[in-house]
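Enquirer:
Number of protein chains: 2
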Amino acid sequence: MMTSDWQEKCARRKQAQLESIPKEWIIQCPPDDQLCVTNVPTQCGLLSPRELEITNTVDVEALLRKLQTAEWSSFEVTTAFYKRAIVAQQLTNCLTEIFVEKALARSKELDEILKTTGKTAGPLHGLPISLKDQFAIKGLETIMGYVAWIGRYAECDSVLVEILNECGAVPFVRTNVPQTLMWGETHNHVFGRTVNPFNRYMTPGGSTGGEGALLAMRGSPLGVGTDIGGSLRIPSAFCGLYTLRPSYERLPYCGAVNALEGQESISSVLGPMANSMSGVKIFTRAIIDSRPWNKDPLVIRKEWSEKEYRLEFHGGGKQLCFGIMRDNGVVKPHPPLHRAMVMFKDALEAAGHKVIDWEPHRHLEIYKNSETIFAADGGDDYRIQCGLSGEPLIQTMSPKEDAHESALDEPLVKTLVGKPHHRSAYELWQLHKEKRELRKSHLDHWEATVKRTGTGRPIDAIISPAVAYPAVPHGLNTDSFYTTLCNAMDYSTSVFPVTFVDSSLDKPHPPHEFYNHEDEAIHQLYDSKLFDGCPVGLQLIGRTQEEEAVIAMTEIVDEALKIYKAKTGRR
Amino acid sequence: MMTSDWQEKCARRKQAQLESIPKEWIIQCPPDDQLCVTNVPTQCGLLSPRELEITNTVDVEALLRKLQTAEWSSFEVTTAFYKRAIVAQQLTNCLTEIFVEKALARSKELDEILKTTGKTAGPLHGLPISLKDQFAIKGLETIMGYVAWIGRYAECDSVLVEILNECGAVPFVRTNVPQTLMWGETHNHVFGRTVNPFNRYMTPGGSTGGEGALLAMRGSPLGVGTDIGGSLRIPSAFCGLYTLRPSYERLPYCGAVNALEGQESISSVLGPMANSMSGVKIFTRAIIDSRPWNKDPLVIRKEWSEKEYRLEFHGGGKQLCFGIMRDNGVVKPHPPLHRAMVMFKDALEAAGHKVIDWEPHRHLEIYKNSETIFAADGGDDYRIQCGLSGEPLIQTMSPKEDAHESALDEPLVKTLVGKPHHRSAYELWQLHKEKRELRKSHLDHWEATVKRTGTGRPIDAIISPAVAYPAVPHGLNTDSFYTTLCNAMDYSTSVFPVTFVDSSLDKPHPPHEFYNHEDEAIHQLYDSKLFDGCPVGLQLIGRTQEEEAVIAMTEIVDEALKIYKAKTGRR
Numbered sequence: 001m002m003t004s005d006w007q008e009k010c011a012r013r014k015q016a017q018l019e020s021i022p023k024e025w026i027i028q029c030p031p032d033d034q035l036c037v038t039n040v041p042t043q044c045g046l047l048s049p050r051e052l053e054i055t056n057t058v059d060v061e062a063l064l065r066k067l068q069t070a071e072w073s074s075f076e077v078t079t080a081f082y083k084r085a086i087v088a089q090q091l092t093n094c095l096t097e098i099f100v101e102k103a104l105a106r107s108k109e110l111d112e113i114l115k116t117t118g119k120t121a122g123p124l125h126g127l128p129i130s131l132k133d134q135f136a137i138k139g140l141e142t143i144m145g146y147v148a149w150i151g152r153y154a155e156c157d158s159v160l161v162e163i164l165n166e167c168g169a170v171p172f173v174r175t176n177v178p179q180t181l182m183w184g185e186t187h188n189h190v191f192g193r194t195v196n197p198f199n200r201y202m203t204p205g206g207s208t209g210g211e212g213a214l215l216a217m218r219g220s221p222l223g224v225g226t227d228i229g230g231s232l233r234i235p236s237a238f239c240g241l242y243t244l245r246p247s248y249e250r251l252p253y254c255g256a257v258n259a260l261e262g263q264e265s266i267s268s269v270l271g272p273m274a275n276s277m278s279g280v281k282i283f284t285r286a287i288i289d290s291r292p293w294n295k296d297p298l299v300i301r302k303e304w305s306e307k308e309y310r311l312e313f314h315g316g317g318k319q320l321c322f323g324i325m326r327d328n329g330v331v332k333p334h335p336p337l338h339r340a341m342v343m344f345k346d347a348l349e350a351a352g353h354k355v356i357d358w359e360p361h362r363h364l365e366i367y368k369n370s371e372t373i374f375a376a377d378g379g380d381d382y383r384i385q386c387g388l389s390g391e392p393l394i395q396t397m398s399p400k401e402d403a404h405e406s407a408l409d410e411p412l413v414k415t416l417v418g419k420p421h422h423r424s425a426y427e428l429w430q431l432h433k434e435k436r437e438l439r440k441s442h443l444d445h446w447e448a449t450v451k452r453t454g455t456g457r458p459i460d461a462i463i464s465p466a467v468a469y470p471a472v473p474h475g476l477n478t479d480s481f482y483t484t485l486c487n488a489m490d491y492s493t494s495v496f497p498v499t500f501v502d503s504s505l506d507k508p509h510p511p512h513e514f515y516n517h518e519d520e521a522i523h524q525l526y527d528s529k530l531f532d533g534c535p536v537g538l539q540l541i542g543r544t545q546e547e548e549a550v551i552a553m554t555e556i557v558d559e560a561l562k563i564y565k566a567k568t569g570r571r
Numbered sequence: 001m002m003t004s005d006w007q008e009k010c011a012r013r014k015q016a017q018l019e020s021i022p023k024e025w026i027i028q029c030p031p032d033d034q035l036c037v038t039n040v041p042t043q044c045g046l047l048s049p050r051e052l053e054i055t056n057t058v059d060v061e062a063l064l065r066k067l068q069t070a071e072w073s074s075f076e077v078t079t080a081f082y083k084r085a086i087v088a089q090q091l092t093n094c095l096t097e098i099f100v101e102k103a104l105a106r107s108k109e110l111d112e113i114l115k116t117t118g119k120t121a122g123p124l125h126g127l128p129i130s131l132k133d134q135f136a137i138k139g140l141e142t143i144m145g146y147v148a149w150i151g152r153y154a155e156c157d158s159v160l161v162e163i164l165n166e167c168g169a170v171p172f173v174r175t176n177v178p179q180t181l182m183w184g185e186t187h188n189h190v191f192g193r194t195v196n197p198f199n200r201y202m203t204p205g206g207s208t209g210g211e212g213a214l215l216a217m218r219g220s221p222l223g224v225g226t227d228i229g230g231s232l233r234i235p236s237a238f239c240g241l242y243t244l245r246p247s248y249e250r251l252p253y254c255g256a257v258n259a260l261e262g263q264e265s266i267s268s269v270l271g272p273m274a275n276s277m278s279g280v281k282i283f284t285r286a287i288i289d290s291r292p293w294n295k296d297p298l299v300i301r302k303e304w305s306e307k308e309y310r311l312e313f314h315g316g317g318k319q320l321c322f323g324i325m326r327d328n329g330v331v332k333p334h335p336p337l338h339r340a341m342v343m344f345k346d347a348l349e350a351a352g353h354k355v356i357d358w359e360p361h362r363h364l365e366i367y368k369n370s371e372t373i374f375a376a377d378g379g380d381d382y383r384i385q386c387g388l389s390g391e392p393l394i395q396t397m398s399p400k401e402d403a404h405e406s407a408l409d410e411p412l413v414k415t416l417v418g419k420p421h422h423r424s425a426y427e428l429w430q431l432h433k434e435k436r437e438l439r440k441s442h443l444d445h446w447e448a449t450v451k452r453t454g455t456g457r458p459i460d461a462i463i464s465p466a467v468a469y470p471a472v473p474h475g476l477n478t479d480s481f482y483t484t485l486c487n488a489m490d491y492s493t494s495v496f497p498v499t500f501v502d503s504s505l506d507k508p509h510p511p512h513e514f515y516n517h518e519d520e521a522i523h524q525l526y527d528s529k530l531f532d533g534c535p536v537g538l539q540l541i542g543r544t545q546e547e548e549a550v551i552a553m554t555e556i557v558d559e560a561l562k563i564y565k566a567k568t569g570r571r
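In order, the protein sequences belong to chains A and B. The first sequence begins at 1 in the UniProt record's numbering and counts up by one. The second sequence begins at 1 in the UniProt record's numbering and counts up by one.
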């Protein structure tokens, strides 16, 4: 069979990527059937002890302090993370753009500034930052998983990159995405499939899956992704990371490429991913402090609020009341998620907070409204982009070989939205009306919890799974039921890691009365041996534009969980 | 000819409106050919001297102080304004819902609260407030100019009304609008045409034209309208008032009825109209201080910022630099507008500020994009609402009798947007992409003025006409070229009165090289005798979500103009 033109293009581009890796950074990889690879960076011998010390520093604040005091130079920090990122790449295929020289030159420039002026270049001085393959960098291609976009070199930086540079950061790699961005996994024809470093049989999630795998390998101290239905939170949950999905237009998206461009009913947002909450906070604050509304006209003119961060509208954070959504009434979570929620409740109550039940409210209706909006172009956006090169539109994330047997023929979303067709602008307006009514109804439902909290306030945040399961085998992640709620309602939401699947504790539950065929399929998928060792994260759902409060509450939760784990010996 | 069903419904509803007026408030009206009626309230004898003193108090802060100290009771203030509003109604046909008993009962309730508790009910204690016919009040009809909506009684208050009640205000009348809301004049089949009290041959503008006429008659101390393309600013300019068009979602629209519902590309916003800036500020601040985001999920969680009101990002307001847009390159303003801009420049320079030229930037492109978005449903929204009752869709605001000769057969907007047709959701997304690019381009253009101001900042605000002319004869207002810019770019914008047309000063200009046929028609329309005595207002255009700064800058401008007029003896 002849290789088609688009396949040749992909092969050439993949080869060019390989050649962009310094030869001396090529490692002896473990065999493909070694599932967990998180220890390889420490064992492969490429990184020096000091480089391991640097890259194992998950607290971004601590890292920045060492950079600010020149205890560590930006050059050595960037080199260390670059080496580890390249190790991650060889094990999980998480990267797209690799530009070692450019990043190292930039790091030297920053070292020079600190040396000659005694001052840092900004609040992120010297910090290497990885970026999802949407954030255009002048002079580099922005391929975003489309063959036709190979060779599109950016004429200017996206606003985020402009601001990161002004803040003294070092953008150093870009990371992989799924074709179209609208999958909760990460695979495209140009750069291929990214796998989960905790278990390579599993997906790292998506669409910010490249960041998920890279950060889980500690190949970056801080990554930036995007989220329109869970794309920051799914990979964060699957890879044991912290993230923040900010509200629409709080952070500057201008100049980044995107899927469904011009779709503004449910806006994609950008946010940080990291191995610590300090990374999440520092990034969010630095970007807001740069007054991004002067560069991106859509960004909300709202300064970072210390008052909100001090939780002044949440009783000063002294006694918070959380509402746990154990089950959204659409798909029931796997046993490890239930255990994580029990840990959460025990840990937070031990810390003096309250935990009550959240009653799901019109969850499926909200989900259906969102998915119908996303499909309003009848798929034109994807078809047009694929059509430019002739590459086929990917129909499943399941690998041809090594596929797990349980893929759903027809996920619930297809049943809900129906066959693809073009909706008119007027029909879209009717979906907006419906969405507004749903948002008002959900807000009133939230406000009404004031009767049950005993704090004089409605619940301070909702706690729920981000996904009904830990990372699943490639091709099986169809659940965005827990995450899409926050995009539709525009709730500021974090994800934080809680525990790991433990086959000795997380026994299968007996069948329940299934809500639908997908709920049944998810129930059947659970196999404690298969999932053993995978990270388990939860979402903390705050109100719209409550980024500061959500960060502060997640810090409180994180601290309470750490104390609880230390006391109980659990992990 | 038989009267059709919808006409009978209109006649009955209009009769019911007439019957809702207390008989003793019916005045002897001046003859129809008396054009200016602003003096009638003082001369008709219905209002006592004290009632005239109350209703002539244009400073809302002063009015509230007297209410707070019980020097004036809410009952007498509400009665006074109600009587004057009913006079205004008889002269200009500005009202829709009249509910004297309900409002007076509410005012007594507030007086009782103050008397028994010694405390006011809220920051707007006892203040009567008029509302555009969109803001639903429980138990009242919300007709909004559609015959089919007669008999639709609201089951609950709109969020704005809920908040006004919590603030201690007295919603006391609702005011007229054009059918569809999408006209810059005010006429519908149910309640008929509203006329301009400065010259009844002229339109008060629209769509918030009922408020315009009512406030110009001082029949209300404070009104609330909405703006999607100029609907607050056009009537404010035509009626000599102050207003603020806030940015999208700064103030709570939830629960108000609307045209083109679900159209969210360019959101309609609500704002105050008043005879003083103190009214504009007090309303805006009271609503924001009520934390409306807890009731309306779309409202931006941004507290009132004293820092922004103190103009900390505008050099403390000490030396502002304004950019004057003398001409937007689409239609050239009439001579009185030019004189108003010269007055502005002289007054502000005399007060120590700087005034430079603003170069219009892609003005027509922006206008075309907006108008294409508004028409994306091919007119379905209007047709469906009219179809419910069988009333015809109004094609012109020109009266059949007493029409001025100069109506344009085809305003520029029709040439630009083309024949009505249904656009797809995908096409709408492409318009959004275009709009985003235009917003970025306009923002960068604004930022680039930093090179020309000499203040170290870009210009602090743009000053421009709100409309190319003062109020025009009914049927002739086709210009929203100056206002739509702000809706499209989401610039926070005020309108303030500057002067009145003076036929001895405002001589016709010689023909210029016309930009288009509408520019030519507008030029030819100018006739200094016809326009003599009409108010002339300007816009102050600030950045997105800069409501506090725009209010503060307008206060500075207003003060400078008052000092300038006092010194020069101009009015």
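C-beta: ideal position from N, C-alpha, C; glycine also.
Between which two residues does the alpha helix (DSSP H) carrying I98/A extend?
Expert: Translated into positions along the first sequence, residue 98/A becomes position 98. Note, I98/A: premise wrong, no alpha helix (DSSP H); beta strand (DSSP E) at 95–98.
Enquirer: Name the residue from R250/B, V257/B, L127/B whose alpha carbon lies nearest to the alpha carbon of S220/B.
Expert: On the second sequence, position 220 is the one that residue 220/B refers to. Minimum Cα distance to S220/B is reached at L127/B.
Enquirer: Return helix, strand or coil for K451/A, following the three-state DSSP convention.
Expert: Taking the first residue of the first sequence as position 1, residue 451/A is located at position 451. Helix.
Enquirer: What does R423/A reach in chain B if we use C-beta pairs closer than 8 Å?
Expert: Counting from 1 along the first sequence, the entry for residue 423/A is found at position 423. Ordered by position in chain B, the residues that pass the 8 Å Cβ test against R423/A are S424, A425.
Enquirer: Can you pull the chain A residues whose beta carbon is under 8 Å from the beta carbon of N294/B, in chain order?
Expert: The residue you call residue 294/B lines up with position 294 of the second sequence. Going along chain A in sequence order, the residues near N294/B (Cβ under 8 Å) are L443, E447.
Enquirer: Residues of the region 290–315 of chain A in Cβ contact with chain B at a cutoff of 9 Å, in chain order, please.
Expert: R291, W293, N294, K295, D296, P297, L298, V299, I300, R301, K302, E303, S305, K307, E308, F313
Enquirer: Starting from V355/A, trace the beta strand (DSSP E) both ways and give me its first and last residue.
Expert: On the first sequence, position 355 is the one that residue 355/A refers to. Start and end: 354–357.
Enquirer: For chain A, find out if any of its Cβ atoms is closer than 8 Å to the Cβ of E261/B; answer yes or no.
Expert: For the purposes of this step, residue 261/B is taken as the residue at position 261 of the second sequence. So yes, E261/B belongs to the interface.
Enquirer: R383/A: buried (16+ other C-beta within 10 angstroms of its C-beta) or exposed?
Expert: By one-based count along the first sequence, residue 383/A stands at place 383. Classification for R383/A: exposed.
Enquirer: Of all the CB atoms in chain B, is at least one closer than 8 Å to the CB of Q17/A?
Expert: Here residue 17/A is taken as the residue at index 17 of the first sequence, counted from 1. It does not: the Cβ of Q17/A has no partner Cβ on chain B nearer than 8 Å.
Enquirer: Taking Cβ-Cβ distances shorter than 8 Å, what residues in chain A pair up with H125/B?
Expert: Translated into positions along the second sequence, residue 125/B becomes position 125. In chain order: nothing, as chain A lies at least about 25 Å away.
Enquirer: Report all residues from its chain with a CB closer than 7 Å to the CB of S73/A; omit the five preceding and five following residues, and keep chain order.
Expert: The count along the first sequence starts at 1 and reaches residue 73/A at position 73. These residues qualify, in order along the chain: D111.
Enquirer: Over the uninterrupted beta strand (DSSP E) stretch that includes D5/A, give me the two end residues.
Expert: In the first sequence, counting from the first residue as 1, residue 5/A sits at position 5. Taken as a continuous stretch (DSSP letters only), D5/A belongs to no beta strand (DSSP E), being part of the alpha helix (DSSP H) at 5–19.
Enquirer: Does any CB atom of chain B fall closer than 8 Å to the CB of T142/A?
Expert: Translated into the one-based positions of the first sequence, residue 142/A becomes position 142. For T142/A, the answer is no, since every Cβ of chain B falls outside 8 Å of its Cβ.
Enquirer: Taking the alpha-carbon of L320/A as reference, which of D157/A, G454/A, L114/A, D32/A has the nearest alpha-carbon?
Expert: Within the first sequence, numbered from 1, the residue matching residue 320/A stands at position 320. Cα-wise, what sits closest to L320/A is G454/A.
Enquirer: Looking only at its own chain, which residues have a Cβ that is under 7 Å from the Cβ of F75/B, when we skip the five neighbours before and after it?
Expert: The residue labelled residue 75/B in the question sits at position 75 within the second sequence. Taken in chain order, the residues that qualify are L104, S107, K108, D111.
Enquirer: What first and last residue would you give for the beta strand (DSSP E) that runs through G225/A?
Expert: As a first step, residue 225/A is located in the first sequence; it is residue number 225 there, counting from the start. Per DSSP, G225/A belongs to the beta strand (DSSP E) from 223–227.
Enquirer: Please list, in chain order, the chain A residues whose beta carbon lies closer than 7 Å to that of T455/B.
Expert: By 1-based counting over the second sequence, the position of residue 455/B is 455. Near T455/B there are no residues of chain A at all, since even the closest Cβ is about 15 Å away, more than 7 Å.
Enquirer: Determine the chain A residues that contact Q430/B at a beta-carbon separation under 8 Å, and present them in chain order.
Expert: Within the second sequence, numbered from 1, the residue matching residue 430/B stands at position 430. In chain order: G262.
Enquirer: For the putative contact between V495/B and I282/B, defined by C-beta atoms under 8 Å, what is the C-beta separation to the nearest angstrom?
Expert: The count along the second sequence starts at 1 and reaches residue 495/B at position 495. The count along the second sequence starts at 1 and reaches residue 282/B at position 282. Going by Cβ atoms, the distance from V495/B to I282/B rounds to 17 Å, so no, they are not a contact pair.
Enquirer: At a Cβ threshold of 8 Å, is S406/A touching chain B?
Expert: Numbered from 1 along the first sequence, position 406 holds the residue referred to as residue 406/A. Answer no: the Cβ-Cβ gap between S406/A and chain B never drops below 8 Å.
Enquirer: Quick check on H422/A: does DSSP put it in helix, strand or coil?
Expert: As a first step, residue 422/A is located in the first sequence; it is residue number 422 there, counting from the start. Looking at H422/A - three-state DSSP - the assignment turns out to be strand.
Enquirer: At a CB distance below 8 Å, what residues from the region 351–371 of chain B approach chain A? Give them in sequence order.
Expert: Those residues of the region 351–371 of chain B placed with their C-beta closer than 8 Å to a C-beta in chain A do not exist.
Enquirer: Could you round the C-beta distance between G229/A and S370/A to whole angstroms and report it? I think they count as a contact, below 8 Å.
Expert: Counted from its first residue, the first sequence places residue 229/A at position 229. Counted from its first residue, the first sequence places residue 370/A at position 370. About 7 Å separates the two Cβ atoms, so the contact holds.
Enquirer: Looking at C-alpha atoms only, which residue of A351/A, V58/A, L364/A, V342/A is the closest neighbour of D357/A?
Expert: Position 357 of the first sequence, counted from the start, is the residue given in the question as residue 357/A. When each option's Cα is compared against that of D357/A, the closest is V342/A.
Enquirer: Just to make sure I have the definition right: I need the residues of chain A whose C-beta is within less than 8 Å of the C-beta of D377/B. Which are they?
Expert: Sequence index remark: in the second sequence, residue 377/B carries index 377 (1-based). Going along chain A in sequence order, the residues near D377/B (Cβ under 8 Å) are S424, A425, Y426, W429.
Enquirer: So A80/B packs on T55/B, CB below 8 Å; how close in whole Å?
Expert: In the second sequence, the residue the question calls residue 80/B occupies position 80. In the second sequence, the residue the question calls residue 55/B occupies position 55. That pair is a contact at about 5 Å.
Enquirer: Just mark K23/B as buried or exposed, buried being the case when its beta carbon has 16 or more other beta carbons within 10 Å.
Expert: Counted from its first residue, the second sequence places residue 23/B at position 23. Under this definition K23/B is an exposed residue.
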